[in-house]
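Read the structure below first, then the notes.
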Amino acid sequence: MAYLELKDIRKAFKGHVALHSLSLLVREGELMCLLGPSGCGKTTTLRVIAGFESADAGEVRLGGQEISGVPPQKRDIGVVFQSYALFPHLTVNGNVGFGLKMRGTPAAEIEQAVREALKVVRLEGVGERLPKQLSGGQQQRVALARAVAIRPRLLLLDEPLSNLDAKLREEMREEIKRIQREVGITMVFVTHDQIEALALADRIALMEQGRLIQIGVPADIYERPAHPFVASFFGRANLMRGSVAEVQGERVRIETRGGLQAIGRGREFAVGSAAVGVVKHERVQLSRARPLAAANAFAARIVGRTFLGATVQYACTANAESIGVTQPNVPGAECFEPGADVFVSWSDEDCLVLADIA
Amino acid sequence: MTAGSTSSPAVVARWQAYLPLVPALLFLAVFLIAPLAATVWSSLSPNVVIKFEGHGFDNFRYLFGKAYYIETILRTLRIALIVTLIALAVGYPAAYILRDLSERIGATMIIVLTFPILTGPLVVVLGWMILLSDGGPLIHPLTQMGWLKPLRLLGTETAIVIGLVHFTLPFVILTVFSSLKQIPDDLLEAARSLGAGRLQVLARVVWPLSLPGVLSATLIAFSLAASAYISPHYLGGPTQLVLTTLVGQFILATFNSELASAAAILLLVIMAAIIFAFTRFVTRFIRG
Amino acid sequence: MKRLAGSVNSLFLVLVYLFVLGPALVIVADSFNSATSFPSPFESATLKWYRQMLAHDEFLASMQISAIVALLSALIATALAIFAAYALIRHPLRGKNALSTFLMGPLLVPQIVIGLAMLQLIGQLGLRIGLTGLVLVHAVYILPFALRLVMASLARFEFVLEEAAQSLGAGRLRTLWHVTLPMIRPGLASGFIFAFILSFVNLPVSLFLTSPQTATLPIVMFAYMESRIDPLIAAVASAILIATAVASLVLERVFRLRLFG
Chain A
267 MAYLELKDIR KAFKGHVALH SLSLLVREGE LMCLLGPSGC GKTTTLRVIA
317 GFESADAGEV RLGGQEISGV PPQKRDIGVV FQSYALFPHL TVNGNVGFGL
367 KMRGTPAAEI EQAVREALKV VRLEGVGERL PKQLSGGQQQ RVALARAVAI
417 RPRLLLLDEP LSNLDAKLRE EMREEIKRIQ REVGITMVFV THDQIEALAL
467 ADRIALMEQG RLIQIGVPAD IYERPAHPFV ASFFGRANLM RGSVAEVQGE
517 RVRIETRGGL QAIGRGREFA VGSAAVGVVK HERVQLSRAR PLAAANAFAA
567 RIVGRTFLGA TVQYACTANA ESIGVTQPNV PGAECFEPGA DVFVSWSDED
617 CLVLADIA
Chain B
18 MTAGSTSSPA VVARWQAYLP LVPALLFLAV FLIAPLAATV WSSLSPNVVI
68 KFEGHGFDNF RYLFGKAYYI ETILRTLRIA LIVTLIALAV GYPAAYILRD
118 LSERIGATMI IVLTFPILTG PLVVVLGWMI LLSDGGPLIH PLTQMGWLKP
168 LRLLGTETAI VIGLVHFTLP FVILTVFSSL KQIPDDLLEA ARSLGAGRLQ
218 VLARVVWPLS LPGVLSATLI AFSLAASAYI SPHYLGGPTQ LVLTTLVGQF
268 ILATFNSELA SAAAILLLVI MAAIIFAFTR FVTRFIRG
Chain C
1387 MKRLAGSVNS LFLVLVYLFV LGPALVIVAD SFNSATSFPS PFESATLKWY
1437 RQMLAHDEFL ASMQISAIVA LLSALIATAL AIFAAYALIR HPLRGKNALS
1487 TFLMGPLLVP QIVIGLAMLQ LIGQLGLRIG LTGLVLVHAV YILPFALRLV
1537 MASLARFEFV LEEAAQSLGA GRLRTLWHVT LPMIRPGLAS GFIFAFILSF
1587 VNLPVSLFLT SPQTATLPIV MFAYMESRID PLIAAVASAI LIATAVASLV
1637 LERVFRLRLF G
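Protein chains in written order, with my numbering: chain A, 267 to 624; chain B, 18 to 305; chain C, 1387 to 1647.
Now the structure itself:
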């Protein structure tokens, strides 16, 4: 059931429209991620949910109730800010207990709740310290504890991991997921990092320029992008632009601008319409001899080779089309030198044909 | 929600945001604007000395009619101008030298400068009355040793100028200093590395960049000098009146509050005109 | 050559500071002078003038009045300044510059004119001169100073902390009380102290608005100095000097008050 509902939210700032009629449903207990490049409106969406910005049009409903006109302090929504925003003049206990103090909870209860919250985030024994005496990771745990302590109906996180170094980021990622499961709280978090989104979210909402482009579970969004933008956002994908040459049920053949006849899967295409063939780099095979059974096999030349540690990235040209290939760095994998003549191939299932919307 | 000071980049037209300003605005409207209006009204009103029908500019015509008052106006402007020039001439080099001092010494020196400001001109003027009097610790020994002809300083324009330079100097130094501090050291080092000597660096890099500070300092010094009361009153006395002490005399000695208002409005108008003209001239000069 | 320039610079600075501090030193020195006529060369050091000052009813009474006026006017000015500064800094406002210039207005009006204007209004409204008028006119005079200091303090404040407080259930006023004000407390305190001192030592603003019951210390000194200058008044002046010297040190060291820039 929908727990958080955004309906046709529109928000404009001095001539620039940040959100165009955005609609979104978040289920209870779900970890939803708002993902997108900077400027896509994800943070604005979060702020509208929290009540720091009011939408020009549209509704926000939480648990069935409309909260669009409700000020932030009455929404019962916890927020973890990108900079943590811990109160420098209060101790850790003071910070974590702040929300409960605002509600008039008796001191003994606050103490208990604070202890529990710090236990959940696995940060015990620092209660009397000031924020400036804590490390970045500890500060974030306090920010989480503070937001969780008030047992809000919804928890919002704004780029929670972006201020942490890589190792800490992975650690905190697991922590956030664990805490969410343990407390059972509905969470919406914002990030521009696709790895974070794929690893953390139950569902991902990909946004671009104020619009929701696609929403779905990570595997779906990754494997079955509905839009060329989505395809290029996750991992590395080859986008072969062209026009539809032939349609046979779900099998579509497109003639790419680079002169290839690519065969892939797509729906409802008229012959001659503009289309994009999308193939992930890791789904392209490289071989010296022409593969016999592949639906798509083209002669190509290796133009570049980059060693990336766990993988090797190849840049090829087939006809006039640039094709990128990612190969795992495993023993026995064949190594191709720049200038070599090879064959690139992929199955028709690995080639998604999408309508070419710029 | 990143660390920052405002929640939205758009200009907030919501009337709610202006609300906290209302108390202060109302306060000034009632206790500054209304009183000033009352002063204007009074300046246009007939009084013991000049009787006329209704309201008019007769008080001002009266003031401009007597040589005594013209002299007062000119004296006010003359003193303000001289004080400003001297304060700048002394204050700029002082600020420049202060800038190069180390952090700690520089900070202490700055505190020492703010201290006469806080202590108030009344206390300081007393010190000048002692220093500038004939029998005082400064003049007396000098005349005894024959270095100085016996001279009377108290009750002269010179004494007022000395007192006002003393009063405005800390403000000038602090203003110029803070503007000099904003010039990054790298700029000066870059100029040196390109072959500029100390004087050239001063003339071509420091001076132009410090001009806004110099302008502020000029306006501040001029305003302070023109609106000062205590120094002219004690160091100049009733024979060397300026517009502020004239106002004082009208109220406390001749009990003519309408003429006092006229003199006050005159002072305001003259100051406003000069400041406005100066600012205009300077911005045009900078642009051109 | 550099060393010569260095010593010329140092000499110049020393002369400037001697000039700036000279009068103060002279007053303090003379306040300990046992010679009764004034000015006269130093005879011997004595504390008798300070003792006389502490027994002088008029001076003591006026110190009390000055303190009360300074306290009340500083409170009013600081309170007004907090709200006004918050409005000016929190959100970009249309006409912000004009509004802030208007609030700095009292700086542009000569102090004696501020006092005269209040006198005119009181007279034209048929009211009486009293403590209220005095406190109000002082508050007008010190408002811009308080405003500037509070604004400087608020400018360093991270407003995202307010949003955090709101997300935890604190409304506007409670956020101000529990989060914003505690964080700018040093700036507020220094603004208040500075405003207090400015009011305490001020003469021209009070000149036309005092009555025998509301004579501030500077007013009493003014009247005294009309007829004579003696070591007693030097002692009073020195007392003020020392007090404000201590205050400016406290402001600088404890609150890191930067008056300019």
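Just so it is clear, CB atoms sit at the ideal spot from N, CA and C, and this is done for glycine as well.
Return no unless some Cβ of chain C is closer than 8 Å to the Cβ of Ala106 (chain B).
Judged by the 8 Å Cβ criterion, Ala106 (chain B) is not in contact with chain C.
The region 1451-1480 of chain C: positions lying closer than 7 Å to chain A by Cβ:
none
At which residues does the beta strand (DSSP E) containing Gly344 (chain A) begin and terminate?
Run containing Gly344 (chain A): Ile343 to Val346, per the beta strand (DSSP E) assignment.
Against Glu1638 (chain C), what residues of chain B qualify as contacts under a CB-to-CB distance less than 9 Å, listed in chain order?
Ala124, Thr125, Ile127, Ile128 and Thr131
Of the listed residues C:Val1526, C:Ser1417, C:Gln1599 and C:Lys1482, nearest to Leu1584 (chain C) (C-alpha basis)
Comparing Cα positions, the closest option is C:Val1526.
In the DSSP output, which residue or residues are listed as bridge partners for Ser670 (chain A)?
Past the boundaries of the shown model lies residue 670 (chain A); chain A is included only from 267 to 624, so the question cannot be answered.
Buried or exposed for Gly1573 (chain C), please, with buried defined as at least 16 other CB atoms from any protein chain shown within 10 angstroms of its CB.
buried
With distances taken between CB atoms, is the gap from Leu1502 (chain C) to Phe1594 (chain C) smaller than 8 Å?
Pairing Leu1502 (chain C) with Phe1594 (chain C) gives a Cβ-Cβ distance under 8 Å.
Short of 6 Å in beta carbon distance, which residues of its chain neighbour Gln579 (chain A), apart from the five on each side in sequence? Order them along the chain.
Thr572 and Thr592
Spell out a yes or no on whether the region 82-102 of chain B and the region 1594-1605 of chain C are touching, meaning 3 or more CB-CB pairs, one atom from each, closer than 8 Å.
no
Using a Cβ cut-off of 8 Å (strictly closer), state whether Met1537 (chain C) contacts chain B.
No - not a single Cβ of chain B is within 8 Å of the one on Met1537 (chain C).
Closest residue to Ala511 (chain A) among A:Lys546, A:Asp468, A:Phe535 and A:Gly605 (Cα-Cα distance):
A:Phe535
Per-residue contacts from Gly1573 (chain C) into chain A (C-beta, under 7 Å):
Neighbours of Gly1573 (chain C) on chain A: none; closest Cβ ~13 Å, over 7 Å.
Quickly, what does DSSP pair Gly590 (chain A) with across the bridge? List them, please.
Looking at the DSSP assignment, Gly590 (chain A) forms a beta bridge with A:Ala581.
Can you give the Cα-Cα distance for Phe302 (chain B) and Val222 (chain B), rounded to whole angstroms?
Taking the straight line joining both Cα atoms gives about 18 Å.
Quick test of the definition: if touching needs 3 or more C-beta pairs under 8 Å, does the region 96-113 of chain B touch the region 185-194 of chain B?
yes
I want to verify the contact list: residues of chain A whose CB lies under 9 Å from the CB of Ser1585 (chain C), in sequence order.
Ordered by position in chain A, no residue passes the 9 Å Cβ test against Ser1585 (chain C), which lies about 29 Å from the chain.
Would the beta-carbon of Leu420 (chain A) fall within 8 Å of that of Leu552 (chain A)?
no
With DSSP run on the structure shown, which of helix, strand or coil describes Arg95 (chain B)?
helix
Counting C-beta neighbours from all protein chains within 10 Å, is the total for Gly1519 (chain C) 16 or more, i.e. buried, or is it exposed?
buried
So what does DSSP say about Glu332 (chain A), is it helix, strand or coil?
strand
Contacts around Ala586 (chain A), its chain only, beta-carbon distance under 7 Å, and the 5 residues preceding and following it disregarded
Gly524 and Gly525
Starting from the C-beta of Ile1475 (chain C), find all residues in its chain whose C-beta is less than 7 Å away, skip the five residues before and the five after it, and write them out in chain order.
Met1537, Leu1540 and Ala1541
Report yes if the C-beta distance between Val136 (chain B) and Val1587 (chain C) is below 8 Å; otherwise report no.
Correcting the residue identity first, residue 136 (chain B) is Thr in this sequence and not Val. Yes, Cβ-Cβ distance for Thr136 (chain B) and Val1587 (chain C) is below 8 Å.
What does the alpha-carbon distance come out to for the pair Phe499 (chain A) and Gly305 (chain A)?
15 Å
Contact set between Val544 (chain A) and chain C, taken where Cβ atoms lie within less than 7 Å:
Residues of chain C with a Cβ closer than 7 Å to the Cβ of Val544 (chain A) do not exist; the shortest Cβ-Cβ separation is about 40 Å.
DSSP three-state assignment for Thr1602 (chain C), whether helix, strand or coil:
Of the three classes helix, strand and coil, the one that applies to Thr1602 (chain C) here is coil, per DSSP.
Per the DSSP calculation, Glu325 (chain A) is bridged to which residue(s)?
A:Lys273
On the three-pair Cβ rule with 8 Å, is the region 358-369 of chain A touching the region 397-417 of chain A?
yes
In angstroms, rounded to a whole number, what distance separates the CA positions of Ser1459 (chain C) and Gly1509 (chain C)?
Going by C-alpha positions, Ser1459 (chain C) is about 21 Å away from Gly1509 (chain C).
Could you list which residues in chain C have their beta carbon closer than 8 Å to that of Trp145 (chain B), in chain order?
Pro1409
I need the straight-line Cα distance from Ile520 (chain A) to Val610 (chain A), nearest angstrom please.
17 Å
If we cut at 8 Å on Cβ distances, does Pro63 (chain B) have a partner in chain C?
no
Among C:Ile1413, C:Leu1618, C:Gly1408 and C:Thr1464, the one whose alpha carbon lies nearest that of Ile1570 (chain C)
C:Thr1464
By the three-class DSSP mapping on this structure, what secondary structure does Asp459 (chain A) have?
coil
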